[in-house]
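Here the structure is laid out as structure tokens; the discussion comes afterwards.
In structure tokens form, the structure reads like this:
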């Protein structure tokens, strides 16, 4: 039987702090210590966070907290002031997925937050017990947490220490974000020594001059999702500058999780801050678009889906069969060749599906952080359309979707190739904005199939409508 952990810097257990009796140490972090306390007035358990930054202060013999030296006193007092200010701010929140701060006070030369004590287990404990949860279960956890984190960011605060052990799953299954001891104001000009967890801390948290913002917490939350879908800890951000294993690890998770989800995780896990989603709303919009597309694909008939996906200019008329109906004998004679072709087709489909499941996620298709368009996580390229035969009247030819003038087509192809800087066969929102600033404002209308990118067909269709003096009409609701 193992010995209980002894925390030498903790207050004496079973002692009284204000109206609370300290029963146990729940955890220790870089900025302080958390106790399980008993509220003698309300007769219930609470969690009590104590401000005790390990690199600035120590516990004195009388139980008080003092700076390690006079040189550290200013930083310690500044941090204490921030701690109380943050406790005051968090106490104003009443969000079901953010731990509730009921009160705060100063004692022993330091500060304390008194929070609700939640029954349940941490996400890290849950993942050890039941790894690789279903995607629906994962999103039921994620979406409420993003709502709560958005409320924190709206108050101009950051969490800065999101990780599985700081996400708690209540007994009823609802999640709550814990341990705001490392939280700080986003506009703060002075910072304590960084508290970070390798793998979940983004690059900007490793330096005192790193510009932190909502994108900092988004990276950490994406790290939590990475841990959830791969059953392995995310790689350290600094190490990823030399070699990045994230795309391969996410690609290996395709057999269990949808590619849009994996792309959203990879987007938020970009090493450079400016390439990530810049706000919770940007990232939430990606998941909302995924849900809408799934709903639309289930509701729309197959013919509608094919119509939306096809480029209007390249829809060639199919010839009508003039073959006479076969006799029963002839039909029976042709049945076996048809079955043979069907078997070959089935084998080809299985081979293609196997390749699709194991190919790496295309990194060039990651969306630009400057674009909040949720559909800015594109799929792979398509082949260029075949040229159509020219006609005599240019305007009449432009009004027909199956006939395109060679000169007009070549002009559209040329401007498309110039704009397609990464050569993936599609125009991302960033590429559109860089080449066609006016077109960028019409992006959603031009993007007829709603995949978050503009194909060559869609650009050609736009030019046809502009020639006819009509505005593009989106096929989406």
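Residue numbers (my numbering): 1391 to 1867.
Glycine included, every Cβ here is placed at the ideal spot set by N, Cα and C.
Measure the alpha-carbon distance for residue 1548 versus residue 1603 and round it to whole angstroms.
Along the chain shown, read from residue 1 onward, the residue named residue 1548 stands at position 158. Along the chain shown, read from residue 1 onward, the residue named residue 1603 stands at position 213. Rounded to whole angstroms, residue 1548 to residue 1603 spans 7 Å at the Cα level.
Would you mind reading off the limits of the alpha helix (DSSP H) that contains residue 1514?
Position 124 of the chain shown, counted from the start, is the residue given in the question as residue 1514. That run of the alpha helix (DSSP H) goes 1513–1519.
Measuring straight from C-alpha to C-alpha, what distance separates residue 1614 and residue 1676?
Against the chain shown, residue 1614 aligns to sequence position 224. Against the chain shown, residue 1676 aligns to sequence position 286. Cα to Cα, residue 1614 sits roughly 17 Å from residue 1676.
Please check the pair residue 1442 and residue 1425, which I expect to be a contact at CB under 8 Å, by giving their CB distance rounded to whole angstroms.
Taking the chain shown and counting its residues from 1, the one referred to as residue 1442 is at position 52. Taking the chain shown and counting its residues from 1, the one referred to as residue 1425 is at position 35. That belief does not hold up - the Cβ atoms of residue 1442 and residue 1425 are roughly 11 Å apart, past 8 Å.
Tell me the start and end of each unbroken beta strand (DSSP E) in the region 1475–1534 that is at least 3 residues and wholly inside, in chain order.
With a minimum length of 3 residues, the unbroken runs of beta strand (DSSP E) contained wholly in the region 1475–1534 fall at 1491–1497, 1500–1506, 1510–1512.
Using the C-alpha atoms, what's the distance from residue 1400 back to residue 1415?
For the purposes of this step, residue 1415 is taken as residue 25 along the chain shown, with counting starting at 1. For the purposes of this step, residue 1400 is taken as residue 10 along the chain shown, with counting starting at 1. Taking the straight line from one Cα to the other gives about 8 Å.
For the putative contact between residue 1818 and residue 1843, defined by C-beta atoms under 8 Å, what is the C-beta separation to the nearest angstrom?
Residue 1818 sits at position 428 when you count from the first residue of the chain shown. Residue 1843 sits at position 453 when you count from the first residue of the chain shown. That belief holds up - the Cβ atoms of residue 1818 and residue 1843 are roughly 6 Å apart, short of 8 Å.
Runs of alpha helix (DSSP H) lying entirely within the region 1583–1651, each at least 4 residues, in chain order
1604–1620, 1627–1630, 1636–1641
Since I believe residue 1587 is in contact with residue 1528 (beta carbons under 8 Å), could you give me their beta-carbon distance rounded to a whole number of angstroms?
Residue numbering aside, residue 1528 sits at position 138 when the chain shown is read from its first letter. Residue numbering aside, residue 1587 sits at position 197 when the chain shown is read from its first letter. Not a contact, Cβ separation roughly 20 Å.
Evaluate the contact criterion for the region 1508–1528 versus the region 1438–1457: three or more CB pairs, one atom per stretch, below 8 Å.
no
Have a look at 1536, 1465, 1519, 1446 and flag the residue whose alpha-carbon is nearest the alpha-carbon of residue 1611.
Position 221 of the chain shown, counted from the start, is the residue given in the question as residue 1611. Nearest neighbour of residue 1611 by Cα position, chosen from 1536, 1465, 1519, 1446, turns out to be 1536.
Buried or exposed (CB count within 10 angstroms, at least 16 for buried), residue 1680
Here residue 1680 corresponds to residue number 290 of the chain shown, with the count starting at 1. Under this definition residue 1680 is a buried residue.
Have a look at residue 1652 and residue 1590 and give me their C-alpha separation to the nearest angstrom.
Your numbering for residue 1652 matches position 262 in the chain shown. Your numbering for residue 1590 matches position 200 in the chain shown. Each residue's Cα considered, the two are about 17 Å apart.
Is it true that the CB of residue 1569 sits closer than 8 Å to the CB of residue 1419?
The residue labelled residue 1419 in the question sits at position 29 within the chain shown. The residue labelled residue 1569 in the question sits at position 179 within the chain shown. Residue 1569 is positioned such that its CB atom lies closer than 8 Å to that of residue 1419.
Helix, strand or coil: how does DSSP classify residue 1395 here?
The residue given as residue 1395 occupies position 5 in the chain shown. Correct three-state label for residue 1395: coil.
Should the region 1483–1501 be called in touch with the region 1629–1639, which here means at least 3 C-beta pairs below 8 Å?
no
Residue 1435 - containing beta strand (DSSP E), residue span:
Here the question's residue 1435 lines up with position 45 in the chain shown. Residue 1435 -> beta strand (DSSP E) spans 1434–1441.
Is residue 1547 helix, strand or coil when you go by DSSP?
As a working mapping, residue 1547 is identified with position 157 in the chain shown. Reduced to three states, the DSSP call for residue 1547 is strand.
Here's a check: name, in chain order, each residue in its chain whose Cβ is nearer than 6 Å to the Cβ of residue 1593, leaving out the five neighbours to either side.
Residue 1593 sits at position 203 when you count from the first residue of the chain shown. These residues qualify, in order along the chain: 1627, 1661.
Does the separation of the CB atoms of residue 1609 and residue 1666 fall below 8 Å?
Walking along the chain shown from the start, residue 1609 turns up at place 219. Walking along the chain shown from the start, residue 1666 turns up at place 276. In contact: residue 1609 and residue 1666 (Cβ atoms closer than 8 Å).
First through last residue of the beta strand (DSSP E) which encompasses residue 1424:
Within the chain shown, the letter at position 34 stands for residue 1424. Under the DSSP assignment, residue 1424 falls in the beta strand (DSSP E) whose first and last residues are 1422–1429.
Taking the continuous beta strand (DSSP E) assigned at residue 1567, which residues delimit it?
Translated into the one-based positions of the chain shown, residue 1567 becomes position 177. Note, residue 1567: beta strand (DSSP E), 1565–1567.
Is the beta carbon of residue 1465 less than 8 Å from the beta carbon of residue 1552?
As a first step, residue 1465 is located in the chain shown; it is residue number 75 there, counting from the start. As a first step, residue 1552 is located in the chain shown; it is residue number 162 there, counting from the start. No.
Cβ atoms of residue 1440 and residue 1474: under 8 Å apart, would you say?
One-based indexing of the chain shown puts residue 1474 at position 84. One-based indexing of the chain shown puts residue 1440 at position 50. The answer is no: Cβ separation not under 8 Å.
For residue 1561, count neighbouring C-beta atoms within 10 Å of its own C-beta (all shown protein chains included) and say buried if the count is 16 or more, exposed if not.
One-based indexing of the chain shown puts residue 1561 at position 171. So residue 1561 counts as exposed.
Compare the Cα-Cα distances from residue 1541 to each of 1502, 1485, 1656, 1555 and report the closest residue.
Taking the chain shown and counting its residues from 1, one reaches residue 1541 at position 151. Taking only the C-alpha atoms, the option nearest residue 1541 is 1485.
In the DSSP assignment, what residue or residues form a beta bridge with residue 1447?
Your numbering for residue 1447 matches position 57 in the chain shown. Secondary-structure assignment with DSSP links residue 1447 through a beta bridge to 1457.
With distances taken from CA atoms, which of 1423, 1462, 1838 is nearest residue 1504?
Looking up residue 1504 in the chain shown gives position 114. It is 1423 whose Cα lies nearest to the Cα of residue 1504.
Quick one: what's got a C-beta closer than 6 Å to residue 1848's C-beta in the same chain, skipping five residues either side?
Along the chain shown, read from residue 1 onward, the residue named residue 1848 stands at position 458. Only 1836, 1838 meet the Cβ criterion.
Comparing C-alpha positions only, which one of 1566, 1557, 1625, 1524 sits nearest to residue 1645?
As a position in the chain shown, residue 1645 is number 255, starting the count at 1. Relative to the Cα of residue 1645, the nearest Cα in the group 1566, 1557, 1625, 1524 belongs to 1524.
Helix, strand or coil at residue 1413 [DSSP, three-state]:
Here the question's residue 1413 lines up with position 23 in the chain shown. It is a strand residue.
Please classify residue 1804 as buried or exposed, where buried requires at least 16 neighbouring CB atoms within 10 angstroms.
In the chain shown, counting from the first residue as 1, residue 1804 sits at position 414. Classification for residue 1804: exposed.
Taking 6 Å as the limit between beta carbons, can you name the residues of its chain near residue 1510, skipping five residues before and five after?
Within the chain shown, residue 1510 is the residue found at index 120, counting from 1. Correct list, in chain order: 1558, 1559, 1560, 1561.
Flag this pair as yes or no: are the beta carbons of residue 1462 and residue 1670 separated by less than 8 Å?
Taking the chain shown and counting its residues from 1, one reaches residue 1462 at position 72. Taking the chain shown and counting its residues from 1, one reaches residue 1670 at position 280. For residue 1462 and residue 1670, no; Cβs fall outside 8 Å.
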